[in-house]
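S.K.: Before I ask anything, here is the structure I am working with.
Residue numbers (this note's numbering): 3 to 339.
As structure tokens, then:
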């Protein structure tokens, strides 16, 4: 707290402002006391020069270009003074602070910070995490062979991590990365047409990638496998990669039944948008009888089901929310802890 601007002023007040303990011995020529007004040893001084003096150091720092995994403490200038610094970080408009991985933090406090420091973060840009990858589609054939679909990638990292009390002015946006979409599930189908039978094999489409800086990649389609019944086994489509602001689409499932079939009704799950979970993958249904060759279907059998993958969980927009005093909170999306 700064010294008064007028009125009576004691050496003890100046001593305390300089960091000393009240009532302990002090001299007007002590270096910490002289330092409050920038005087050298033995210089001529008068008490009125200490009016309004403060030992508080004001430090301003600006992020003016887009960057990833920014550590505030390790980037602050050497003028920082532990325990008596008023520190303000500004993220400029149009700037994006992101993360290189789904486990990393886009903007973190770092350390050390000391009791007495007053920290403010003013965000006029965008702070957002990385997106999760899409899950792989399933595969099922006429035997017990096959592969289950995998879940979309979960984002465990945060856009903003606080470990010390901070006033956060969010005039832009802060988002956790989107979760990846789950891979599409499959099943094996056998259709009977009187004495004729047809085996249907499906390869699930991959899940879409989640949105974020370094958006998630689309999941692979279900792997193909040889079959004694058909020779034109076609793969499903991979999921689309996410973008900076939107999750990718899930890939379309494909199958065979003597001729190739594209199942446009079931796909891998879509990747989550900014701050959103990925969608669970679809599950291949029975084909419509009207789409099958050789006339009416006399019997349907389903076997070897391979379940769809779950959607990935969205990332955190903030980790350490109890340390934050929002003024204002502005636009945020994702989990908080």
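All residues carry an ideal CB built from backbone N, CA and C; glycine is no exception.
Apart from the five residues just before and just after residue 109, which ones in its own chain have a Cβ nearer than 6 Å to its Cβ?
M.R.: Closer than 6 Å at Cβ, skipping near neighbours: 72, 99, 129, 162.
S.K.: Three-state secondary structure (DSSP) at residue 322?
M.R.: Coil.
S.K.: Should residue 27 go down as buried or exposed, given a rule of 16 or more other Cβ atoms within 10 Å for buried?
M.R.: That one is exposed.
S.K.: Give the straight-line distance between the Cα atoms of residue 122 and residue 89, rounded to the nearest whole angstrom.
M.R.: One C-alpha to the other measures close to 6 Å.
S.K.: Give every residue of the same chain whose Cβ lies closer than 8 Å to the Cβ of residue 114, excluding the five residues on either side of it in the sequence, and list them in chain order.
M.R.: Only 75, 84 meet the Cβ criterion.
S.K.: Residue 173 to residue 319, Cα distance in whole Å?
M.R.: So the two alpha carbons sit approximately 15 Å from each other.
S.K.: Exposed or buried, which one is residue 101 when buried takes at least 16 other CB atoms within 10 Å?
M.R.: That one is buried.
S.K.: How far does the beta strand (DSSP E) with residue 18 in it extend, from its first residue to its last?
M.R.: Per DSSP, residue 18 belongs to no beta strand (DSSP E); it is in the alpha helix (DSSP H), 13-19.
S.K.: Using the C-alpha atoms, what's the distance from residue 274 back to residue 335?
M.R.: About 12 Å.
S.K.: Take the Cβ of residue 45 as the centre, count every other Cβ of all protein chains shown within 10 Å, and call the residue buried at 16 or more, exposed below.
M.R.: So residue 45 ends up on the exposed side.
S.K.: Mapping the DSSP letters down to three states, classify residue 74 as helix, strand or coil.
M.R.: Helix.
S.K.: Between the Cα of residue 220 and those of 187, 189, 188, 181, spot the shortest distance and give me the residue it belongs to.
M.R.: Looking at the Cα atoms, 181 is the closest of the given residues.
S.K.: Grab me the residues of residue 272's own chain with a C-beta within less than 6 Å of its C-beta, minus the 5 sequence neighbours each way, in chain order.
M.R.: Same-chain partners within the cutoff: 183, 210, 249, 251, 252, 281.
S.K.: Any beta carbon from chain B within less than 8 Å of residue 62's own beta carbon?
M.R.: Among the chains of the structure shown, chain B does not appear; only one protein chain is present.
S.K.: Counting beta carbon pairs with one atom in the segment 165-172 and one in the segment 313-328, are three or more of them shorter than 8 Å?
M.R.: A contact exists between the segment 313-328 and the segment 165-172.
S.K.: Can you list, in chain order, the residues of its chain with a C-beta nearer than 7 Å to that of residue 105? Leave out the 5 residues immediately preceding and following it.
M.R.: Hits under 7 Å: 158, 159.
S.K.: Does residue 49 come out as helix, strand or coil in the three-state DSSP assignment?
M.R.: Looking at residue 49 - three-state DSSP - the assignment turns out to be helix.
S.K.: So, under 8 Å CB-CB, residue 54 and residue 7 are touching, yes? Tell me the CB distance rounded to an integer number of Å.
M.R.: Their Cβ separation, rounded to whole angstroms, is 5 Å, which keeps residue 54 and residue 7 in contact under 8 Å.
S.K.: Per the DSSP calculation, residue 177 is bridged to which residue(s)?
M.R.: Note: residue 177 sits in a beta bridge opposite 130, 335.
S.K.: Take residue 137 as the anchor and find which of 118, 187, 131, 112 has the nearest alpha-carbon.
M.R.: Ranking the options by Cα distance to residue 137, first place goes to 187.
S.K.: Using DSSP's beta-bridge definition, name the partner residues of residue 308.
M.R.: Bridge partners of residue 308: 188.
S.K.: Can you check DSSP and say which residues form a bridge with residue 89?
M.R.: BP columns for residue 89 point to 61, 121.
S.K.: Could you please give me the residues that DSSP links to residue 148 through a beta bridge?
M.R.: For residue 148, which the question treats as bridged, DSSP gives the partners 142.
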